[in-house]
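Chemist:
Protein chains: 2
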Amino acid sequence: MTLVLNSSEIKKCVQLNEQLIPIIEDAFKSLALGKTTMPPILRLDIEKYHGESDVKAAYIEGLDSYAIKIASGFFNNPNLGLPSSNGLMILLDSKTGVLKSVLLDKGYLTDVRTAIAGAIAAKHLSNPDSTKAGIIGAGIQAKLQLEALTLVRNIDTAFIWARNSEKVNQFIKDVSKLKINYKVCSSPEEVVKHSEIVVTTTPSKSFLIKNEWLKKGLHITAMGSDAEQKNELEPLIIKNCDQYIPDSLSQTRILGELHHAIDKNIILPNENFNELGNIILDSNLGRKNKEDITVCDLTGTGVQDTAIAKQTYEIAMNLKLGTNIN
Amino acid sequence: MTLVLNSSEIKKCVQLNEQLIPIIEDAFKSLALGKTTMPPILRLDIEKYHGESDVKAAYIEGLDSYAIKIASGFFNNPNLGLPSSNGLMILLDSKTGVLKSVLLDKGYLTDVRTAIAGAIAAKHLSNPDSTKAGIIGAGIQAKLQLEALTLVRNIDTAFIWARNSEKVNQFIKDVSKLKINYKVCSSPEEVVKHSEIVVTTTPSKSFLIKNEWLKKGLHITAMGSDAEQKNELEPLIIKNCDQYIPDSLSQTRILGELHHAIDKNIILPNENFNELGNIILDSNLGRKNKEDITVCDLTGTGVQDTAIAKQTYEIAMNLKLGTNIN
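Chains A and B, in that order, are what the protein sequence lines are.
Throughout the first sequence, residue numbering follows our numbering, covering 440 to 765 in sequence.
Throughout the second sequence, residue numbering follows our numbering, covering 440 to 765 in sequence.
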């Protein structure tokens, strides 16, 4: 029997809240400890339609199930009145490979686990008294990353910049429930100037944050870059910050922000960095003092998918949600 | 809406028969013509439980949908009373990435499309008057490959060898419907001696067919080797046969039989070979005369999955089978 869950059932099981933080932290800890098997991402491009499907998979030792996730982005979809993102997760039994569940989440679980990773990055790397958040971009992740920050820091004001001002207006409407102040900025520079934590959430192909804008105490989470050609931070930032922390070093060496610094010979290809999981395991490896500049590079990992898919399935079983198909 | 199909519904849509041959031939033709996008296989190993999940994906230009397939093999399962193989296919819209169907086939469609590839190999490479088939191995593919051969050649006798004699007895029971004669052989050598077409269907890690047994006019399809460590043919055979034809050259350079010949410096890593699709497109590229020795190396391709998943979905829609889940 396979439990098929639709997206409204999935949303009843899992929401963006504090409960998910330790679950995703455990996934990052396993990754840092080498207690996972996470093969390179499979990527299928359909250039004709400006689309791609990515497949991520990870086994975490000790867990009774593992997930394989398909996430698609088709960038002409908005013209057709459809969301660009789509996806589903497959949960399999770790001992037998038997299919336990198909989670037809349409990308919702990816959105949530990605936002939770942003919360975890800020929790372990930003200054604890940070109240000013900067958000670059105004898409779904811009909203969720801001909401996620409020789970771990007492954010009172958000500074926002995005290319598309209409989307900024929508963003402010959507996040009004957070009861914080908003300031629309005229440039990414203005966002950085006012913020203690900056989250970049764009699919930009050229960097938006310049090295010269860095200031003491700043924490940046760059989470928009999940493909080779994407880039949000000037590569010099990777060298000049005090702590560069990837979610998965093997991934950021080929995706994310690090690989641009490697390509430009700013960082050696084999240079070692602690991963987010190492910082969760040992806070001494993170921010050393209030003035450190910290950067977290999130490319999205299969272990996050496995952790959230397993959690969703278990709650759905308890709530007796979903359709069993033999 | 996503159409979820269970395995009994899928079996109503698609069976091992002649109708699938042109559909899978078209997939191989597209592959040979470069009209496909087929990324390298994603493989997740769960060593602790002697298990693995492979993910294959392929887009074929001009088709309105593409498949991503998960196939798992957990080799302790028989001890638990479960089949080792498992799997499902996901069908997505080529223009939007929207999920069209989840095919919970438990590996059935993979079994069928693999057998059909064997039929296609024999159809285009073996001597047309071949009547003697040799089968090495006695698992599911042994049965299906023999059945597939009968679709394209007038097989009157099958010669069978497998390590496990109990499985051989079961094999003979299972294929009794084919109304052909069977002879159980005491060695792979005996099989080759008596056969005009030999199909190897084992997960062997050391070769079973020796170069010195090759004889004029023989066709061999090696389909058991779909992972780096697997090997059914002595690597010298690749050099000494008249035509070596892979399903996908980029795959057999790293999996299948060819890569063992490359590893042993018998074949150069960049040596070029026509693929099965090239032979289908132009029969002059295949067997030149009755005495040629031909070898087809099947590792299993994503384009076959896309072709059979699309076909199954379309028949299911016509027959109004499956469960729609929003």
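The beta-carbon is built from N, C-alpha and C at its ideal position, and this holds for glycine as well.
For clarity, every value in this text was computed on a predicted model and none was experimentally measured.
If the cut is a Cβ gap below 8 Å, which residues of chain B does A/P517 touch?
Modeler: Neighbours of A/P517 on chain B: none; closest Cβ ~11 Å, over 8 Å.
Chemist: Please determine if the stretch 525-540 of chain A and the stretch 508-516 of chain B are in contact, where contact requires at least 3 C-beta pairs separated by less than 8 Å.
Modeler: yes
Chemist: Could you tell me the alpha carbon to alpha carbon distance between A/N766 and B/E448, rounded to whole angstroms?
Modeler: Only positions 440 to 765 of chain A appear in this structure, which leaves residue 766 of chain A out of reach.
Chemist: In the DSSP output, what is B/F513 paired with across the bridge?
Modeler: B/G490
Chemist: Grouping DSSP H, G and I as helix and E and B as strand, with all else coil, what is B/M756?
Modeler: helix
Chemist: Using 8 Å as the Cβ pair cut-off and three pairs as the minimum, do the stretch 659-672 of chain B and the stretch 630-647 of chain B touch?
Modeler: yes
Chemist: Let me see if you follow: with CB-CB separation under 8 Å, is A/P627 close to chain B or not?
Modeler: no
Chemist: Using CA coordinates, which residue listed in B/T745, B/D465 and B/H489 is at the minimum distance from B/I719?
Modeler: B/D465
Chemist: Opposite B/L442 in the DSSP bridges: which residues?
Modeler: Answer by DSSP bridge pairing, in chain order: B/S540 and B/N763.
Chemist: Identify every run of the alpha helix (DSSP H) within the stretch 459-504 of chain A, keeping only runs that are complete inside it and at least 4 residues long; order them along the chain.
Modeler: 459-471
Chemist: Indicate the three-state DSSP secondary structure (helix, strand or coil) for B/N711 in the structure shown.
Modeler: coil
Chemist: So which residues on chain A does B/G490 lean against when the C-beta distance must stay under 7 Å?
Modeler: Those within 7 Å of B/G490 in chain A are G536.
Chemist: Helix, strand or coil for B/G557? Go by DSSP, reduced to three states.
Modeler: helix
Chemist: Under 8 Å between C-beta atoms, does A/T476 make it to chain B?
Modeler: With 8 Å as the cut-off, A/T476 counts as an interface residue toward chain B.
Chemist: Given a limit of 9 Å on CB to CB distance, which residues of the stretch 581-609 of chain B reach chain A?
Modeler: Correct list: empty, as no residue qualifies.
Chemist: Would B/G576 be called buried (16 or more neighbouring beta carbons within 10 Å of its own) or exposed?
Modeler: In summary, B/G576 is buried, with 16 or more beta-carbon neighbours lying within 10 Å of its beta-carbon over all protein chains present.
Chemist: What are the boundary residues of the beta strand (DSSP E) that B/S524 is part of?
Modeler: Residue range S524 to D532 is occupied by the beta strand (DSSP E) that includes B/S524.
Chemist: If you reduce the DSSP assignment to three classes, tell me which class A/C452 lands in.
Modeler: helix
Chemist: Across which residues does DSSP place A/P685 in a beta bridge pair?
Modeler: Beta bridge pairing from DSSP links A/P685 with A/D736.
Chemist: Are A/V541 and A/I559 close, meaning C-beta to C-beta below 8 Å?
Modeler: no
Chemist: What ranges does the alpha helix (DSSP H) occupy inside the stretch 599-625 of chain A, keeping only unbroken runs of at least 4 residues that lie completely in it?
Modeler: 604-613
Chemist: So which of B/K487, B/F646 and B/I499 has the shortest CA-CA distance to B/I428?
Modeler: This structure leaves residue 428 of chain B out entirely; chain B is present only between 440 and 765.
Chemist: Got a sec: which bits of the stretch 520-553 of chain A sit with their beta carbon under 9 Å from any beta carbon on chain B, in order along the chain?
Modeler: L521, S523, S524, N525, G526, L527, I529, L531, D532, S533, K534, T535, G536, V537, L538, V541, L543 and K545
Chemist: Can you find the residues in the same chain that come closer than 8 Å, C-beta to C-beta, to A/M756, ignoring five residues on each side of it along the sequence?
Modeler: L442
Chemist: Report the rounded CA-to-CA distance for B/L590 versus B/E710, giving the unit in angstroms.
Modeler: As the crow flies, the alpha-carbon of B/L590 is around 33 Å from that of B/E710.
Chemist: So A/S687 contacts chain B; which residues on that side make the cut at Cβ distance below 9 Å?
Modeler: Within chain B, no residue comes near A/S687; the closest Cβ sits about 15 Å away, beyond 9 Å.
Chemist: If the cut is a Cβ gap below 8 Å, which residues of chain B does A/D665 touch?
Modeler: Those do not exist, as A/D665 stays about 15 Å from chain B at its closest Cβ, beyond 8 Å.
Chemist: Determine contact between the stretch 452-459 of chain B and the stretch 470-488 of chain A, defined as no fewer than three beta-carbon pairs at a distance below 8 Å.
Modeler: In this structure the stretch 452-459 of chain B does not touch the stretch 470-488 of chain A; the number of beta carbon pairs closer than 8 Å is below three.
Chemist: For A/I732 and A/D686, which I take to be in contact (beta-carbon distance under 8 Å), what is that distance rounded to the nearest angstrom?
Modeler: The distance from the Cβ of A/I732 to that of A/D686 is about 18 Å, inconsistent with a contact at the 8 Å cut-off.
Chemist: Quick one: list the residues of chain A neighbouring B/R829, beta-carbon separation under 7 Å, in chain order.
Modeler: In this structure chain B extends from 440 to 765, so residue 829 of chain B is not present and cannot be described.
Chemist: Any beta-carbon of chain A closer than 8 Å to the one on B/T740?
Modeler: no
Chemist: Shortest alpha-carbon distance to A/A852 belongs to which of A/I648, A/S722, A/F467 and A/S511?
Modeler: Only positions 440 to 765 of chain A appear in the structure, and residue 852 of chain A is not among them; the question remains open.
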